[in-house]
Structures are given as C-alpha cells and as structure tokens.
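Contents: one structure, followed by commentary.
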Amino acid sequence: MPEQYTTGVRELDELLGGLQPHTMLLIAGHPGAGKTTLAAHICYSNSLNGEKCLYITFYEDKEKLYRNMSAIGLDLRSIEEKGFLHFIKLPVASTDEILNAIMSLITRDQYDVVVLDSLNPVLEMTQQQEASRAILLNFFYQLTSLIKGVLVTVAEIPLGKSDLDLGAVEFVVDAIIYLKHRVEHGLLSRIMEVRKVRGAPLTFVEAPFLIIEGEGVKVYVPPKPARVLSGKERELKTTIELITEMLGELRKGDILHVSYPPHGRSPIVIAPLIDLAVSNDARVLFVSFTYAPDELRELFISICKNYFELEPETTIRVLNKQFYLVSYNPAAYSLTHLNSLLVELIKDLNPDIVVLHGGEELSTFARDPGEFWALFKNFLIWLKNSGKLVIVYSARVRSFCTKMTDSLSDAVARLHYRYVNGEPKFVFHIWMRGSNPRVLELTEKDFDKYSHQARKLSDLVRLKTTSG
Ligand SMILES: Nc1ncnc2c1ncn2[C@@H]1O[C@H](COP(=O)(O)OP(=O)(O)O)[C@@H](O)[C@H]1O
Ligand SMILES: [Mg+2]
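Just so we're aligned, residue 456 is where the sequence shown starts under the working numbering, counting upward by one.
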C-alpha cells in the first residue's frame, strides 16, 4: 500500500482525496489568510507520524513563527529537537541562486514533506521571461519527484489583487488551496477553496475554516445533501393524547415549526417537546439563540411544574439525562461559522431531537436572502436525512421568514391568541403533511383533560427517573 500523507485536517484530506506520494500542493491567498499556518500544520502533523520535514522560508522569522504556531498547538520546536523538522531561512537572491539553494537542501537529505514559504521571490522574477518559466516548470517537476511525500508551496496574493500569475506552477500542482477571508456583518470569516486539478476530475469545494487557539486549523464541510430522503423512520410516541391530536404522528426526520407572536411567547409550546423527549427516551439538543442555558433550565423547571406538577429535582434529573442545552448569540458569528458549529455539535452528540429556538432573526444577518435559505435548507435536509426530529421555535417577527420556515416544515403549529373578556385563549393553526389545515382552540375543558393526561406523563417521568 502506498504511504499516505496528511494535512493534519481530516476534512481537508477528504476534500483532497488523500495525499499520495509526490504530491504538490499550492496554498494561495492574501496576507494573513493563514497560508503559513496551514503549511506549518501540514509539517507538524506529518512529523508526528514520523515523517521528516523541511521548512524553507524567505520571510518568516523562526522564533516568531515557532511562538505563533505554539499558540495554536503546533510545537514546532519539539519536532525540530527530535530531528523531524529542519527550518531554513534563505536570503532572497537571484532566481538561479534560490533554485540551486533549494535543490541542494533537498538532495542533501531525504525529506517526506517540504514546504516552500513562499514562491513569490521566484515567481516575481520569472514573470516577465518565458524562458525562465520553462526552467521553473522543469525545476518543480524534478522537485516533486525527489521528495518522497508532499511538496507544499505557498503563494501570496498581494493585497488589492484578486489573483496571482502563477506562471508555470499551475501546470505542476496537483491541488490548489485558496485561503480567503471575508467580513460577514463585521466578523471575520475564513473560507478555504480546494481545487483538485490533476489525477481526478476537476472538483471545486468551498469550506469555512478556523484557526483556533490551542487546536490549529479546523475545516468544516457544510452538508449539502443532494436528495431528500423519505421519512420512513419510526413514528414517535406521545403520552399526552392532546399532543397527538394536535400534531398527528410525528416521525423521526420530520421538521416541526412552532411559531408564536413576538409579544406572546407562551411556555405551552414547549410542552410537546417534553412529552416527545420523555415518551421516546429521546436525547434532545436544545439550541437557543435567545436564552442562556440556565434561563432555559429555569424555563423547563417552571413548565414541568405548571403543566406536569413535577418537582424541580425531577425536572433537573430529566434535563441532565436527556437534554443538552446550549445557546449562541448569532450576532457574534458569521452564518457559515454558526452552521459549522452546529453541524459539529450534532455530529458529536448525535441527538434524536434537535431544537432550534429563537432564531427568527438569523436571516437578517445574511448578505442576501438566497444565501441564508440555501444554508438553512441544506442544514434542515441534512438533519432530516440523518433521522432527527427537528423542532424550530420562532417568534413571527418577519412574515417572509415565518412563511419560508413553514414551507420547509412537515408540520406547522402557529400559536395565536383570542381575547375573551380580556383573557387570552390559545388558538393553534395547525397543518401536517398530508392533511388539511385545522384550527384548534384550547378551552378550559381541554385543559382539564390535559391536566389529567399530564399526570400520566409525570408518572412516566417519575418512573423513569427513579428506575435508573
Ligand atoms: N493564536 C491564534 N489564534 C487564532 N488565530 C490566530 C492566532 N495567531 C494567528 N492567528 C491568525 O492567523 C493568521 C495569520 O496566518 P498566517 O498563516 O501567518 O497568514 P499568511 O501566511 O497567509 O500571511 C492571522 O489572520 C491571525 O488572525
Ligand atoms: Mg505567511
């Protein structure tokens, strides 16, 4: 089996389709895009696998680089001390001198990974002359065959320019990784564009990535499911008949949108979630864009007390066992980043029910509505295809968003209020896939019936929380 090399980032390795011996990578981007970081990441990760690396640079100061990389968890000094890294700073000289210096370094020892950070001194000098392009082309062919593993080259695109004349290099690279950064509502968002150019059909993938303190480079591949899978998953049980009456038979893979007026968020809408979670022993990831986890905890405690007569300790036991409460301030993230974080979290926790709460303003953060809905729809379909029940709770602040979310859902429940003698009554407008819309008004009689049935749920909760 041929030896495989790594970028140190699983998702990137997958996008590249693995790194075979004699691969040449080109990392391109504006200053500060993360080229040096990614190059160092590749060195570091291979050295951990016992591969020998050579890092050639013209501009980077060794001490500064080592310090910066150690902040993101790459201890270059230790791999250097163990003999797996050789760091060389070359002076900028004539093209001939540079090429000779590189060649002699590479032939002096056997390296598995060689980084050239950056190609710019070489590129700039050959841009005018066709003859030196041919020399360069030849040089890189030779270089890739001399290196056992991967040749990583870096090209810096000057600020203000959108591209770089790569000249001959384009013809020898196997893959180009463009690192881009853009600003989304005032926040930095990093995007990696991976183009495989040789040995495979041209593929083009964009994925957000982060440079994380103590962790290095992390790439997120946003899910883009090509098909919607049918929800043949098992049906979910409810204990309270009223909830079955209201929502019909929900299945895993369904999307339920529960909305309410922004001035009247009633805790009653959370009751079905508690029923579904308890009746199905489901694990729930509850993501709120409005409340903090401890506020959610209090909310659950008061709902369970009011509707199911459950003591706080019992509710806490249910929460600890089955609920994972998390909250994000969406204004502090770019949408792609937020999407990535949620996907990662869902992959890690593998919940049965995913709740998105209070995200009605999310679409206002997108540059254009199409971008938001493409992201959201892909996310929902991915959840659906993974067999999660998705419950979206949102206030109806923007009619367009409410309608869009309704139209992406398999079941819709809109809470309205009807005022009788100044007292609000709950009126639900309900629609389920395959059925006609209905209006359900909850009367005192319903609440009596409900409270009787709610006791069944509390008994179930008590049974479950004491027996394990
Ligand atoms: N400790 C750190 N945590 C997170 N990001 C960092 C850290 N140190 C540097 N960065 C980010 O890494 C980027 C610098 O990356 P670098 O690889 O030097 O860019 P390039 O080589 O493309 O010019 C900067 O944008 C900076 O924001
Ligand atoms: Mg750099």
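Glycine is no exception: its CB is placed at the ideal position from the N, C-alpha and C atoms.
Query                                                                                                                      : Result
Residues with C-beta closer than 6 Å to any heavy atom of ligand 1, in chain order                                         : G484, P486, G487, A488, G489, K490, T491, T492, N523, A526, I527, I666 and E668
Within 9 Å, strictly: CB atoms of Y633 and A495                                                                            : no
Top-ranked residue by Cα proximity to L838, from R873, T857, V875 and E799                                                 : E799
Length-filtered (4 minimum) alpha helix (DSSP H) runs lying within the stretch 768-838                                     : 790-804
Coarse secondary structure for T608, derived from DSSP in three states                                                     : strand
Between the CA atoms of K673 and E518 - distance to the nearest angstrom                                                   : 24 Å
R653 to G889 span [Cα, whole Å]                                                                                            : 49 Å
E515 Cβ short of 8 Å to ligand 2 heavy atom set                                                                            : yes
Spatial distance of I698 from P727 (CA atoms)                                                                              : 6 Å
In DSSP terms, what Y746 is bridged to                                                                                     : For Y746, which the question treats as bridged, DSSP gives no partner whatsoever.
Of the residues T769, T819, L571 and D903, the one placed nearest C498, counting alpha carbons only                        : L571
Whole-angstrom C-beta distance between G604 and N501, which should lie under 8 Å                                           : 7 Å
Near ligand 2: L579 beta-carbon under 8 Å from a heavy atom                                                                : At residue 579 the sequence reads Glu, which differs from the Leu that was named. No.
Rounded distance between the beta-carbons of P722 and N833, thought under 8 Å                                              : Not really, about 31 Å apart at Cβ, beyond 8 Å.
heavy atom of ligand 2 below 8 Å from V609 C-beta                                                                          : yes
Contact the stretch 845-856 vs the stretch 812-824: 3+ CB pairs below 8 Å                                                  : yes
Any alpha helix (DSSP H) of 4 or more consecutive residues that is wholly inside the stretch 836-893                       : 854-862
C-alpha gap between L863 and F664, whole angstroms                                                                         : 28 Å
Inter-residue Cα distance where the pair is E536 and L529                                                                  : 14 Å
Status (buried if at least 16 other CB within 10 Å, exposed otherwise) for P457                                            : Model confidence at P457 stands at a pLDDT of 46, short of 50, so the residue's coordinates are unreliable; what they give is reported in the following sentence. Counting Cβ neighbours within 10 Å, P457 comes out exposed, since fewer than 16 surround it.
Bridge partners - F664, DSSP secondary structure assignment                                                                : R645 and V674
Nearest-angstrom beta carbon gap, S734 and L915 [assumed within contact, 8 Å]                                              : 7 Å
Among I801, H485, K880 and K843, the one whose alpha carbon lies nearest that of G615                                      : H485
Top-ranked residue by Cα proximity to R917, from L591, S644 and K776                                                       : K776
Cβ contact (3+ pairs, closer than 8 Å) linking the stretch 862-880 and the stretch 740-760                                 : no
Inter-residue Cα distance where the pair is H477 and M558                                                                  : 16 Å
Element boundaries [alpha helix (DSSP H), containing T562]                                                                 : T550 to R563
Three-state class that DSSP yields for H712 in the structure shown                                                         : strand
CA-to-CA distance, I725 to A909, given in whole angstroms                                                                  : 13 Å
Of the residues L844, A732 and T599, the one placed nearest T562, counting alpha carbons only                              : T599
Short CB-CB distance (under 9 Å) between D807 and chain B                                                                  : Here there is only one protein chain, and chain B is not present.
Residue environment, R869, which counts as buried when at least 16 other CB atoms sit within 10 Å                          : buried
Extent of the continuous alpha helix (DSSP H) run through Y499                                                             : K490 to L503
Environment of I801 [buried if 16+ CB atoms lie within 10 Å]                                                               : buried
Selection from V852, D865 and Y779 that minimises the alpha carbon distance to I836                                        : D865
Chain-order list of residues whose beta-carbon lies under 7 Å from that of R465 (same chain, five-residue window excluded) : none
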